[in-house]
Amino acid sequence: MFHSPPSSVSDRFSDVSGSPPRLDPNTLSLLDSYFSEKAEAERRFQELAAERAAAQIAGLALHDEPEADKPMVSVADFKLAFGEDWQLSQFWYSESFATNLAKRLHSMCTPSTTIAFLCCPTAFVAFEHMKPLEGSRLFEYDQRFAVLSPKKFVPYDIDDPDVFPESLKEKVDIAVVDPPFLNEVTNKKVVQTLRQLLHPKSKLIVVTSTSVEDILEKLYSSPPLGPLRKTSIDPEHGRLANDFACWGSWDGAENLGKD
Ligand SMILES: C[S@@+](CC[C@H](N)C(=O)[O-])C[C@H]1O[C@@H](n2cnc3c(N)ncnc32)[C@H](O)[C@@H]1O
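Be aware that the sequence shown starts at 1, since it is given in full-length UniProt numbering, and climbs by one per residue.
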């Protein structure tokens, strides 16, 4: 359950001290817009969750397949309803990057492809919004994303790297991953999962910071996880200025994004 933040910073401070805040007006205005943005995202999320729940109940009442053909929200609507939780290292891709990546990924898929998005919900949303694929899955720790597509959501915690549906073992043809934390331990756990999901002919796409390039070289070294080649796709985030890049694990991955 999510709690609505106070509607303004003034409310927030007067609750605690009973006296007006002594903050610089610019800081106050920045904080106010931060809390308003969060409150608005929370409102939109609740609206989306209620809408999806109602549609599911209606589907059940009609003995339809729940969630069968519900269109995926657009990246713009996703970003409005799902506020970034920085504790979970959530920094959403820009709409143009997510859409560009989705286009490239679709060109690599057939109707029977199984594609898994690990820790990159915006990429999953863009892909599904462009054209839903029966075999797409979102592996995520943040349970909020289950409302987007309950059938395709796979609860996933990198701290339990072996916990995922048995039916996906060695069945994933393409995996796209953006590890939540920029360190070796995190990447080791992700690799442990990927080694079980992928089969010898699978393709892997890793989107992460160039600051961990040496870790990637070390851990994603043998097929089907590597060696990784840097693609020409240039990741872009709304509020993150870190230098990110995108790597692919197959021969010719360097050409991805060149045209
Ligand atoms: C670096 S972000 C990548 C998000 C990507 N930029 C996007 O726009 O889709 C990493 C993702 O990992 C997820 N995450 C955080 N902690 C996790 C954990 N313990 N296990 C699995 N995923 C986790 C976050 O919810 C977040 O969506």
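All residues carry an ideal CB built from backbone N, CA and C; glycine is no exception. All of these numbers come straight from a predicted model, not from anything done at the bench.
query	result
Going by Cα to Cα distance, which pick from Lys152, Ala116, Met130, Phe153 is closest to Val190?	Ala116
Tell me the residue span of the beta strand (DSSP E) that contains Pro155.	153 to 155
Between which two residues does the alpha helix (DSSP H) containing Asp214 stretch?	213 to 219
Under three-state DSSP, which class holds Arg144?	helix
When you compare only the Cα positions, how much space is there between Ile174 and Cys119?	14 Å
So which residues touch the region around ligand 1, with touch meaning a C-beta under 5 Å from any heavy atom?	Leu88, Ser89, Gln90, Trp92, Tyr93, Cys119, Cys120, Pro121, Thr122, Tyr141, Asp142, Asp157, Ile158, Asp178, Pro180
What number of angstroms, rounded off, separates the C-alpha of Gln87 from the C-alpha of Ser209?	18 Å
In or out: Pro179 buried (at least 16 other Cβ within 10 Å) or exposed?	buried
Measure the alpha-carbon distance for Ser202 versus Ser222 and round it to whole angstroms.	12 Å
Does DSSP put Thr114 in a helix, a strand or coil?	coil
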